[in-house]
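>
Number of protein chains: 2
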Amino acid sequence: MRDQVRVFAPATVANVACGFDVLGLAVDAPGDEVRMRRREEPGIRITQIRGDQGKLSREPTKNTAGVSVLALLKHLDSDQGMEIELSKQMPLGSGLGSSAASAVAGVVGANILLGEPLTAAELLPFALEGEKVACGVAHADNAAPALLGGFVLIRSYNPLDAIKINTPDRLYCVLFHPELEIRTEDARKILKQRITLKDAIQQWGNIAGLVAGLMQSDYDLISRSMQDVIIEPIRSLLIPKFHKIKQAALDAGALGCGISGSGPSMFALCAAENIAADVGKAVQDQFASLGVGGEVFCSKINQQGPKILDDQSS
Amino acid sequence: MRDQVRVFAPATVANVACGFDVLGLAVDAPGDEVRMRRREEPGIRITQIRGDQGKLSREPTKNTAGVSVLALLKHLDSDQGMEIELSKQMPLGSGLGSSAASAVAGVVGANILLGEPLTAAELLPFALEGEKVACGVAHADNAAPALLGGFVLIRSYNPLDAIKINTPDRLYCVLFHPELEIRTEDARKILKQRITLKDAIQQWGNIAGLVAGLMQSDYDLISRSMQDVIIEPIRSLLIPKFHKIKQAALDAGALGCGISGSGPSMFALCAAENIAADVGKAVQDQFASLGVGGEVFCSKINQQGPKILDDQSS
Numbered sequence: 069m070r071d072q073v074r075v076f077a078p079a080t081v082a083n084v085a086c087g088f089d090v091l092g093l094a095v096d097a098p099g100d101e102v103r104m105r106r107r108e109e110p111g112i113r114i115t116q117i118r119g120d121q122g123k124l125s126r127e128p129t130k131n132t133a134g135v136s137v138l139a140l141l142k143h144l145d146s147d148q149g150m151e152i153e154l155s156k157q158m159p160l161g162s163g164l165g166s167s168a169a170s171a172v173a174g175v176v177g178a179n180i181l182l183g184e185p186l187t188a189a190e191l192l193p194f195a196l197e198g199e200k201v202a203c204g205v206a207h208a209d210n211a212a213p214a215l216l217g218g219f220v221l222i223r224s225y226n227p228l229d230a231i232k233i234n235t236p237d238r239l240y241c242v243l244f245h246p247e248l249e250i251r252t253e254d255a256r257k258i259l260k261q262r263i264t265l266k267d268a269i270q271q272w273g274n275i276a277g278l279v280a281g282l283m284q285s286d287y288d289l290i291s292r293s294m295q296d297v298i299i300e301p302i303r304s305l306l307i308p309k310f311h312k313i314k315q316a317a318l319d320a321g322a323l324g325c326g327i328s329g330s331g332p333s334m335f336a337l338c339a340a341e342n343i344a345a346d347v348g349k350a351v352q353d354q355f356a357s358l359g360v361g362g363e364v365f366c367s368k369i370n371q372q373g374p375k376i377l378d379d380q381s382s
Numbered sequence: 069m070r071d072q073v074r075v076f077a078p079a080t081v082a083n084v085a086c087g088f089d090v091l092g093l094a095v096d097a098p099g100d101e102v103r104m105r106r107r108e109e110p111g112i113r114i115t116q117i118r119g120d121q122g123k124l125s126r127e128p129t130k131n132t133a134g135v136s137v138l139a140l141l142k143h144l145d146s147d148q149g150m151e152i153e154l155s156k157q158m159p160l161g162s163g164l165g166s167s168a169a170s171a172v173a174g175v176v177g178a179n180i181l182l183g184e185p186l187t188a189a190e191l192l193p194f195a196l197e198g199e200k201v202a203c204g205v206a207h208a209d210n211a212a213p214a215l216l217g218g219f220v221l222i223r224s225y226n227p228l229d230a231i232k233i234n235t236p237d238r239l240y241c242v243l244f245h246p247e248l249e250i251r252t253e254d255a256r257k258i259l260k261q262r263i264t265l266k267d268a269i270q271q272w273g274n275i276a277g278l279v280a281g282l283m284q285s286d287y288d289l290i291s292r293s294m295q296d297v298i299i300e301p302i303r304s305l306l307i308p309k310f311h312k313i314k315q316a317a318l319d320a321g322a323l324g325c326g327i328s329g330s331g332p333s334m335f336a337l338c339a340a341e342n343i344a345a346d347v348g349k350a351v352q353d354q355f356a357s358l359g360v361g362g363e364v365f366c367s368k369i370n371q372q373g374p375k376i377l378d379d380q381s382s
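Protein chains in written order, with my numbering: chain L, 69 to 382; chain U, 69 to 382.
1. Quick check: the Cα distance between Ser304 of chain U and Ser328 of chain U, rounded to an integer number of angstroms?
2. Compare the C-beta of Ser381 of chain L with all C-beta atoms of chain U and state if any pair is closer than 8 Å.
3. Of all the residues that make up the region 252-277 of chain U, which are near chain L by a beta-carbon distance shorter than 8 Å?
4. Given a threshold of 16 other Cβ atoms within 10 Å of its Cβ, counted over all protein chains shown, does Ser382 of chain U qualify as buried or as exposed?
5. Chain U beta carbons: is any one of them nearer than 8 Å to that of Asp296 of chain L?
6. Going along the chain, which residues of the region 227-254 of chain L sit with their C-beta nearer than 7 Å to a C-beta in chain U?
7. Which of the three DSSP states is assigned to Val135 of chain L in this structure?
8. Glu199 of chain U and Ala206 of chain U: beta carbons closer than 8 Å?
9. Hey, how far is the Cα of Arg103 of chain U from the Cα of Pro78 of chain U?
10. For Ser136 of chain L versus Pro332 of chain L, is the C-beta spacing smaller than 8 Å?
11. Can you find a C-beta in chain L that's less than 8 Å from the C-beta of Asp89 of chain U?
12. Within a Cβ cutoff of 6 Å, which residues of the same chain sit near Val176 of chain L, ignoring the five residues on either side of it in sequence?
13. How would you label Pro185 of chain U, buried or exposed, when you count the other beta carbons within 10 angstroms and need 16 or more for buried?
14. Report yes or no: is there a C-beta of chain L within less than 8 Å of the C-beta of Ile222 of chain U?
15. Tell me, please, whether the region 252-259 of chain U touches the region 243-262 of chain L by the rule of three or more beta-carbon pairs shorter than 8 Å.
16. Please state whether DSSP places Cys86 of chain L in a helix, a strand or coil.
17. By the DSSP assignment, the beta strand (DSSP E) with Leu289 of chain L in it spans what residues?
18. Look up Ser167 of chain L in the DSSP assignment and say whether it is helix, strand or coil.
19. Residues in the region 323-345 of chain L with C-beta within 9 Å of chain U's C-beta atoms, listed in sequence order?
20. Using a Cβ-Cβ distance under 8 Å, would Ser155 of chain L count as near chain U?
21. Find the residues of chain L that neighbour Arg292 of chain U, judging by a C-beta separation of less than 8 Å, and give them in chain order.
22. Ala211 of chain L CB to nearest chain U CB: under 8 Å?
23. Does any residue of chain L have a CB that is nearer than 8 Å to the CB of Val81 of chain U?
24. Could you tell me whether the Cβ of Ala208 of chain L comes closer than 8 Å to any Cβ of chain U?
25. Where Cys241 of chain L and Val172 of chain U are concerned, what is the direct C-alpha to C-alpha distance, given to the nearest angstrom?
26. Based on Cα-Cα distance, which residue from U:Ala139, U:Asn131, U:Gly87 and U:Gly217 lies nearest to Gly99 of chain U?
27. Do the region 269-288 of chain L and the region 273-282 of chain U meet, that is, are 3 or more Cβ pairs less than 8 Å apart?
28. Considering Cα atoms alone, identify which of U:Ala339, U:Gly111 and U:Leu181 is closest to Ala317 of chain U.
29. So, for Asp96 of chain L: in the same chain, excluding its five sequence neighbours on each side, which residues have a beta-carbon less than 7 Å away from its beta-carbon?
30. In whole angstroms, what separates the C-alpha of Met294 of chain U from that of Phe335 of chain U?
31. Applying a beta-carbon distance threshold of less than 9 Å, which residues of chain U neighbour Met158 of chain L?
32. Distance check for Leu377 of chain L and Gly134 of chain L, CA to CA, integer angstroms please.
33. Does the beta carbon of Leu289 of chain U come closer than 8 Å to any beta carbon on chain L?
34. I need the straight-line Cα distance from Ile250 of chain U to Leu164 of chain U, nearest angstrom please.
35. Using the DSSP secondary-structure output, state which residues sit across from Met334 of chain L in a beta bridge.
36. Which chain U residues are close to Ala189 of chain L, counting only those with a beta carbon under 9 Å from its beta carbon?
Rendered as structure tokens:
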């Protein structure tokens with residue numbers, strides 16, 4: 069049994085254009101890292117958080133990773149004590165699944181320190197408990213891909229039904245994060261609670277097309293399907309210059325481009341590494357010419373989920 | 069070049085539970101048959117219609133098959149004359165895609181008599197012209213699977229984007245047609261034009277799950293995904309004893325069961341031929357005990373679309 073472990077959990081893109089609340093994907097980078105140690109005394113201690121500019125609570129019952137680990141320990145009826153060091157390596161409140169990454173890293177680390185009593189899929193409900201602290205409600209479309217890797221469909225929330233969708237090997241994702249903060253709750257509040265049947269039909273045609281395109285490695289179909297007629301027209305109002313930035317990504321060869329989660333980050337899918345590099349550059353140039361500060365990340369789709377960064381055992 | 073041809077086009081199930089207006093499937097039987105002959109004089113003549121109890125127009129501009137063939141000839145700028153004999157081999161106005169089958173058989177037959185200038189996929193817009201005569205609007209989720217076979221996703225109507233979804237080999241479909249008639253227009257009128265975002269999310273989770281389940285041959289996922297929270301609760305009101313009949317099908321082992329198209333026919337998917345037989349028998353028993361008259365058809369999913377029934381050439 070290990071005494072300590074370091075775990076990386078990836079950033080994720082929820083919604084993926086036409087899959088509001090039901091589809092998410094994980095990238096290889098950026099992501100969050102935890103270092104966890106078993107301790108003699110029971111109880112969870114968060115000993116350090118780096119990279120959060122002091123924004124996150126060190127109180128385990130108010131911290132995403134802390135709450136997730138506590139929920140897991142409670143489920144397993146364990147009083148094993150643990151220390152958690154959290155290293156945030158991506159922007160917070162940015163729509164890149166930062167809280168899900170910390171929650172997933174936490175439960176995966178704790179599960180290892182406990183001798184892996186649960187499978188990755190079985191850890192999902194506990195990571196979602198942590199997500200609730202950050203977002204008010206648990207939307208699994210960040211936590212599930214952070215935990216399982218790749219594209220994950222949340223077919224149902226009650227009961228929870230997360231399905232991994234096979235995707236082409238050479239699919240790349242570009243993330244771009246303009247420097248402004250949107251609270252997930254605010255981004256939810258502006259959505260209409262009723263939509264037209266006509267729009268809904270278009271959306272379910274597109275989500276079905278996207279899943280088929282991913283599974284058939286049909287890049288053209290992926291591209292045609294990446295259209296969101298329901299959420300993007302509203303949420304894009306919160307992101308200044310959204311349409312110019314999106315157009316720059318598409319002009320540079322992206323298959324499609326949309327809001328990552330509830331924003332303000334955006335994402336683009338690309339059919340090859342060099343295209344992803346071109347898209348990243350085009351967006352960076354666009355940011356510069358618009359006078360928007362921000363970061364751009366290019367990465368492969370992460371197929372494996374969290375990574376164990378060392379294998380030091382006792 | 070052939071002088072005459074006989075073509076069979078299959079019955080189809082539109083909507084397939086959670087795929088309202090975007091998904092359809094074709095079965096091996098029943099279906100409609102046309103016999104077509106080239107004639108010297110230009111113009112289309114419908115020389116005979118069997119099995120329609122006199123309900124269909126013999127006037128080419130008012131008949132589904134006639135309109136489809138005329139649209140194809142116009143597109144090809146051809147004045148080739150043709151005679152059409154139509155043999156209806158399934159109930160009309162029943163939700164089994166009867167008008168789509170006639171339209172598809174017509175355009176496929178005409179295309180062969182003209183030396184096959186178009187591919188099957190290219191014939192779809194002309195079959196839809198015929199569908200318009202029958203239904204007022206063109207919904208491609210019957211005509212596309214009748215033409216292409218298997219399960220077909222209509223990702224978009226404008227532009228028309230029909231995508232074939234690969235499905236497990238041993239998938240069977242049971243169709244049951246209670247003896248009552250529902251007009252497609254009426255079945256549309258009772259639908260709500262606005263729906264809740266919450267219901268829509270559930271529906272797009274299910275349609276994405278169904279497509280993933282079909283493509284991965286995951287029968288359990290197919291079964292879990294076959295839920296329609298939007299259309300079925302309303303349209304099932306038009307079908308007396310709907311819930312009892314559905315329960316009988318599920319109890320007999322069906323993966324899922326729902327309304328076929330706009331009803332009143334219903335369908336069930338089954339993972340094997342013997343299960344399909346059991347489901348067919350259970351529904352027939354249910355019909356008998358409820359005092360509902362009707363027909364039951366068991367068949368494999370049709371993977372090839374229309375069949376050419378002879379190969380008599382000149």
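In this text, a Cβ means the ideal position worked out from N, Cα and C, and glycines have one as well.
Short version:
1. 11 Å
2. In this prediction, Ser381 of chain L scores a pLDDT of 45, lower than 50, which makes its location untrustworthy; the coordinate-derived value is nonetheless stated afterwards. False, the Cβ-Cβ gap to chain U never drops below 8 Å.
3. Leu259, Lys260, Gln261, Arg262, Ile263, Thr264, Leu265, Lys266, Ala268, Ile269, Gln270, Gln271, Trp272, Gly273, Asn274, Ile275, Ala276 and Gly277
4. Low confidence applies to Ser382 of chain U: its pLDDT is 40, below 50, so where it sits in the model is not reliable, and the reading given next is rough at best. Exposed: under 16 other Cβ atoms inside 10 Å.
5. no
6. Asp229, Ile231 and Ile233
7. helix
8. yes
9. 15 Å
10. no
11. yes
12. Val75 and Pro374
13. exposed
14. yes
15. no
16. coil
17. Here Leu289 of chain L belongs to no beta strand (DSSP E); instead the alpha helix (DSSP H) covers Tyr287 to Ser293.
18. helix
19. none
20. no
21. Arg223, Ser224 and Asp229
22. no
23. no
24. no
25. 42 Å
26. U:Gly217
27. yes
28. U:Ala339
29. Pro78, Ser367, Lys368 and Asn370
30. 11 Å
31. In chain order: nothing, as chain U lies at least about 26 Å away.
32. 20 Å
33. yes
34. 12 Å
35. L:Phe244 and L:Ile327
36. Going along chain U, no residue has its Cβ under 9 Å from Ala189 of chain L, so there is no contact; the nearest lies around 14 Å.
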